[in-house]
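Trainee: Numbers in the numbering used here are just positions in the sequence shown, counted from 1, shifted up by 459.
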Amino acid sequence: MADTSSTDFTLVSRGTLPELRMVGSWSDIDGSIDVFIVPAFQGENGLELAGGPASVLTSEQEIELWKWLTSVGAQGTVGEMTFLPGEILASEQEDNSPEITRILAVGLGNAEDLSDEDIRQAAGAASRRVGKAETAVSSLGIFDPEAALLGHALGAYAYSGQKAEAKETIGKVVALVSEPDQDALARVTAIAESVAFARDLVNAPANDLYPARYAEIIRAEATAAGLEVEILDEKQLEDQGFGGIVGVGKGSQYPPRLVRVTYSPSDANSDLSKVALVGKGITFDTGGISLKPGAKMWDMIMDMGGSAAVIAATLAAAKLQINTQVTATIPIAENMPSGTATRPGDILRHYGGLTTEVLNTDAEGRLILADAIARACEDEPDYLIETATLTGAQMVALGDRTPGIMGSAAFRDRVTVLSQEVGENGWPMPLPTELGEALKSDVADLRNISNSRFGGMSVAGHYLSNFVSEGVEWVHIDVAGPAYNTGSAYGYTPKRATGVPVRTIIAVLEDLAK
Ligand code: BES
Ligand code: MN
Ligand code: ZN
460 MADTSSTDFT LVSRGTLPEL RMVGSWSDID GSIDVFIVPA FQGENGLELA GGPASVLTSE
520 QEIELWKWLT SVGAQGTVGE MTFLPGEILA SEQEDNSPEI TRILAVGLGN AEDLSDEDIR
580 QAAGAASRRV GKAETAVSSL GIFDPEAALL GHALGAYAYS GQKAEAKETI GKVVALVSEP
640 DQDALARVTA IAESVAFARD LVNAPANDLY PARYAEIIRA EATAAGLEVE ILDEKQLEDQ
700 GFGGIVGVGK GSQYPPRLVR VTYSPSDANS DLSKVALVGK GITFDTGGIS LKPGAKMWDM
760 IMDMGGSAAV IAATLAAAKL QINTQVTATI PIAENMPSGT ATRPGDILRH YGGLTTEVLN
820 TDAEGRLILA DAIARACEDE PDYLIETATL TGAQMVALGD RTPGIMGSAA FRDRVTVLSQ
880 EVGENGWPMP LPTELGEALK SDVADLRNIS NSRFGGMSVA GHYLSNFVSE GVEWVHIDVA
940 GPAYNTGSAY GYTPKRATGV PVRTIIAVLE DLAK
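(1) Going by the beta-carbon positions, is the gap between R658 and A615 smaller than 9 Å?
(2) For A651 versus L609, is the C-beta spacing smaller than 9 Å?
(3) In the DSSP assignment, what are the bridge partners of H935?
(4) So the candidates are N555, N569 and P889; which of them puts its Cα closest to the Cα of G866?
(5) In angstroms with no decimal places, state the Cα-to-Cα distance between L470 and N662.
(6) Just to confirm, are Y922 and R825 a CB contact at a threshold of 9 Å?
(7) State the Cα-Cα distance for the pair L660 and G505, rounded to the nearest angstrom.
(8) Considering Cα atoms alone, identify which of E605, T801, R678 and Q621 is closest to A649.
(9) What's the C-alpha gap between T628 and G590?
(10) Can you say whether I522 is buried or exposed, counting buried as having 16 or more other CB atoms within 10 angstroms of its CB?
(11) What's the C-alpha gap between I844 and R808?
(12) Buried or exposed for K694, please, with buried defined as at least 16 other CB atoms from any protein chain shown within 10 angstroms of its CB.
(13) Check whether the region 789-797 and the region 704-721 are in contact - that is, three or more C-beta pairs closer than 8 Å.
(14) Using a Cβ-based criterion (distance less than 8 Å to any ligand heavy atom), does E680 qualify as near the ligand BES?
(15) Around the Cβ of D975, are there at least 16 other Cβ atoms within 10 angstroms (buried) or fewer (exposed)?
(16) Under 5 Å, CB to any heavy atom of the ligand BES. Which residues pass, going along the chain?
(17) Could you say which of A835, I578 and G946 lies nearest to K755 if we only look at CA atoms?
(18) Do you know how far the Cα of Q879 is from the Cα of M481?
(19) Could you compute how far the alpha carbon of Y951 sits from the alpha carbon of R646?
(20) Going by beta carbon distance, what residues of the same chain come within less than 7 Å of Y722, once the five residues before and after it are set aside?
(21) On the DSSP letters alone, give me the boundaries of the alpha helix (DSSP H) that M916 sits inside.
(22) Is it the case that the CB of M756 approaches a heavy atom of the ligand ZN more closely than 8 Å?
(23) Is there at least one non-hydrogen atom of the ligand MN closer than 8 Å to the beta-carbon of G405?
(24) Measuring CA to CA, which of K631, G630, I832 and L613 is closest to V718?
(25) Return the residue from the list A966, F926 and K954 that minimises the CA-CA distance to F701.
(26) So, under 8 Å CB-CB, I492 and T594 are touching, yes? Tell me the CB distance rounded to an integer number of Å.
(27) Taking S749 as the reference, which of L818, Y810, G764 and G811 has the closest Cα?
(28) Under 9 Å between the Cβ atoms of D904 and G920?
(29) How many angstroms separate the CA atom of A942 from the CA atom of E638?
(30) Between G746 and I791, how many whole angstroms is the CB-CB distance? I'm expecting something under 8 Å.
(31) Taking 8 Å as the cut-off, is the beta-carbon of I760 closer than that to any non-hydrogen atom of the ligand ZN?
(32) Which word fits R912, buried or exposed, when buried means at least 16 other C-beta atoms lie within 10 angstroms of its C-beta?
(33) In the DSSP output, which residue or residues are listed as bridge partners for V786?
(34) By the 10 Å Cβ neighbour count, where 16 or more other Cβ atoms means buried, how is T892 classified, buried or exposed?
(35) DSSP on L691, reduced to helix/strand/coil?
(36) Is it true that the CB of V959 sits closer than 9 Å to the CB of A787?
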């Protein structure tokens, strides 16, 4: 067995987030400004600036800026980025105003149909475009400070791994707005930190983040946030009947874990919704004996994305004091081929007693989730939100940016609406009866794959539904594609870990607290 007794329970490397501020006037900004970010719109007669009370500039400055932008051909179209020297505002500036080095005008298109997500995307793209800056001051928040700050923060997130020289990014983002709201700032900060934590976990390679260490990192973070933590080791998992987690983990030198984290609001009462969160925590997925091809196998460090989102959202619930009772149940294992690994044809007995005939060891996520869902349901939650990087079929059906949401119809649709609102863009998927029929086994209660190539995402959803107790409103969110961006960065989404679906889960918890 590998040595898992390390007492170092921090990640080897974490990404950086800028410090966030909200101020109401230029005089509240101390120090010089490396870049001043302004919105530009596409009006009927070309480029328009915010103008009027929405502007943080004097009308003289607006005119000067407009002249320069139009003279270099800027039009205010979506995604357009124009840099100008800060000097052009200097002559119209008040004497004690901070010095501005660069101006970045960000095209937002038509001012009329501007959504929060448009602002988040533009702010994120602006942050990435700015690159290195100590202080960025942004007036993209004049319409929605929270959207602008969140987009700026998530776009400026930089993960340098173990490079000798860290990537350059923005140190501090100051939103210049008409009415600074410190509660809104605290909320955005909590959400950005939560997304960044999920990204850090997903970005970590599997030699840094293996089950025992992942469990201890969760323990350290959750304990610091005042939450209750319980960790079951491989022996306890075996003794207590978690055959799915044990079966998937037993091919690895790094034994599996089950982590449970509970948050109860300080003024807890019996009317609170009780929410169970469950997330897939495969620290690396080789496929096991049903080995995956070598190409792109390195991306399988992200196969714990569901669990990362769940723990990050639970920490956010505590920071935001969301009025729901939350228990996260996180099964963690490494799926490896070896002489001790589960074989195709093996039968596993899950927590709660149901059995699965394992016909493909690469359909491992559902095996560990089955145990975790059964355990979570023992607490009799009102709602269960489970999320996983579960199937390649999710990407075949929806592409790699759109989570598939399955489960109890009403709750599924409610979660979908919230996912769309936060810009994570989940989409409802059905669970057709015949796809569930395909999971019958001759020798166990279930088999872990169907015989058909079709509808793989819903087949997996059906499999999981067998472990959800009667009466629990549940959703399964498949984020196989959306959790990890293998393409280039866009909007506020960097390369690699995205943090999806952290913000959907937080939004659902907030909605259930109403
Ligand atoms: N972790 C994978 C799913 C996945 C694939 C996530 C690609 C992200 C990118 C999962 O464990 C898996 O291997 N699923 C199989 C299931 C199949 C054997 C029924 C798949 O999708 O091919
Ligand atoms: Mn797999
Ligand atoms: Zn997997």
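The beta-carbon is built from N, C-alpha and C at its ideal position, and this holds for glycine as well.
Mentor: Based on what the coordinates show:
(1) Walking along the sequence shown from the start, residue 658 turns up at place 199. Walking along the sequence shown from the start, residue 615 turns up at place 156. Contact: no.
(2) Position 192 of the sequence shown holds residue 651. Position 150 of the sequence shown holds residue 609. Cβ atoms of A651 and L609: closer than 9 Å.
(3) Taking the first residue of the sequence shown as 1, we reach residue 935 at position 476. H935 is bridged to E845 and M865.
(4) Numbered from its first residue, the sequence shown carries residue 866 at position 407. That would be P889, whose Cα lies nearest to the Cα of G866.
(5) Taking the first residue of the sequence shown as position 1, residue 470 is located at position 11. Taking the first residue of the sequence shown as position 1, residue 662 is located at position 203. One C-alpha to the other measures close to 10 Å.
(6) The residue you call residue 922 lines up with position 463 of the sequence shown. The residue you call residue 825 lines up with position 366 of the sequence shown. Yes, they are a contact pair.
(7) On the sequence shown, position 201 is the one that residue 660 refers to. On the sequence shown, position 46 is the one that residue 505 refers to. Taking the straight line joining both Cα atoms gives about 45 Å.
(8) Sequence index remark: in the sequence shown, residue 649 carries index 190 (1-based). It is E605 whose Cα lies nearest to the Cα of A649.
(9) Locating residue 628 in the sequence shown gives position 169, counting from the first residue. Locating residue 590 in the sequence shown gives position 131, counting from the first residue. Spanning the two alpha carbons is a distance of roughly 5 Å.
(10) Against the sequence shown, residue 522 aligns to sequence position 63. Around the Cβ of I522, a 10 Å sphere holds fewer than 16 other Cβ atoms; the residue is exposed.
(11) Mapped onto the sequence shown, residue 844 falls at position 385. Mapped onto the sequence shown, residue 808 falls at position 349. Each residue's alpha carbon lies about 23 Å from the other.
(12) To locate residue 694, count along the sequence shown from 1; it is residue 235. Label assigned to K694: exposed.
(13) yes
(14) Numbered from its first residue, the sequence shown carries residue 680 at position 221. Answer for E680: no, Cβ out of range of the ligand BES.
(15) Summary: the structure shown does not reach residue 975, with the chain confined to residues 460 through 973, and so no result is reported for it.
(16) So the residues near the ligand BES by this Cβ test are D744, D762, N819, D821, A822, G824, T848, T850, G851, I908 and A939.
(17) As a position in the sequence shown, residue 755 is number 296, starting the count at 1. Checking every option, the nearest Cα to that of K755 belongs to G946.
(18) On the sequence shown, position 22 is the one that residue 481 refers to. On the sequence shown, position 420 is the one that residue 879 refers to. Going from the Cα of M481 to the Cα of Q879 covers about 26 Å.
(19) Within the sequence shown, numbered from 1, the residue matching residue 951 stands at position 492. Within the sequence shown, numbered from 1, the residue matching residue 646 stands at position 187. Rounded to the nearest angstrom, the two C-alpha atoms are 18 Å apart.
(20) The residue given as residue 722 occupies position 263 in the sequence shown. Contacts found: L686, T773, A776, A777 and V785.
(21) The residue you call residue 916 lines up with position 457 of the sequence shown. Note, M916: alpha helix (DSSP H), G915 to S924.
(22) To locate residue 756, count along the sequence shown from 1; it is residue 297. Every heavy atom of the ligand ZN is 8 Å or more from the Cβ of M756, so no.
(23) Because the chain here runs from 460 to 973, residue 405 falls outside it and cannot be looked at.
(24) Walking along the sequence shown from the start, residue 718 turns up at place 259. Of the candidates K631, G630, I832 and L613, the one whose C-alpha sits nearest the C-alpha of V718 is I832.
(25) Taking the first residue of the sequence shown as 1, we reach residue 701 at position 242. Here the closest residue by C-alpha is F926.
(26) Walking along the sequence shown from the start, residue 492 turns up at place 33. Walking along the sequence shown from the start, residue 594 turns up at place 135. Right, their Cβ atoms sit about 6 Å apart.
(27) Start at 1 with the first residue of the sequence shown, and residue 749 comes out as number 290. Of L818, Y810, G764 and G811, the residue nearest in Cα terms is L818.
(28) Reading the sequence shown from its first residue, position 445 is the one you call residue 904. Reading the sequence shown from its first residue, position 461 is the one you call residue 920. No; because the gap between Cβ atoms is not below 9 Å, this pair is not in contact.
(29) The residue you call residue 942 lines up with position 483 of the sequence shown. The residue you call residue 638 lines up with position 179 of the sequence shown. Distance between the alpha carbons of A942 and E638 is about 35 Å.
(30) Taking the first residue of the sequence shown as position 1, residue 746 is located at position 287. Taking the first residue of the sequence shown as position 1, residue 791 is located at position 332. G746 to I791, Cβ: 18 Å. No contact.
(31) Looking up residue 760 in the sequence shown gives position 301. No, the Cβ of I760 stays beyond 8 Å of every heavy atom of the ligand ZN.
(32) Your numbering for residue 912 matches position 453 in the sequence shown. Residue environment analysis places R912 among the exposed positions, since fewer than 16 neighbouring C-beta atoms fall within 10 angstroms of its C-beta.
(33) Your numbering for residue 786 matches position 327 in the sequence shown. This sequence places Thr at residue 786; Val is not what is there. T786 is bridged to T721 and A735.
(34) Along the sequence shown, one-based indexing puts residue 892 at 433. Classification for T892: exposed.
(35) For this step, residue 691 is matched to residue 232 along the sequence shown. Of the three classes helix, strand and coil, the one that applies to L691 here is strand, per DSSP.
(36) Within the sequence shown, the letter at position 328 stands for residue 787. Within the sequence shown, the letter at position 500 stands for residue 959. Contact flag unset, no.
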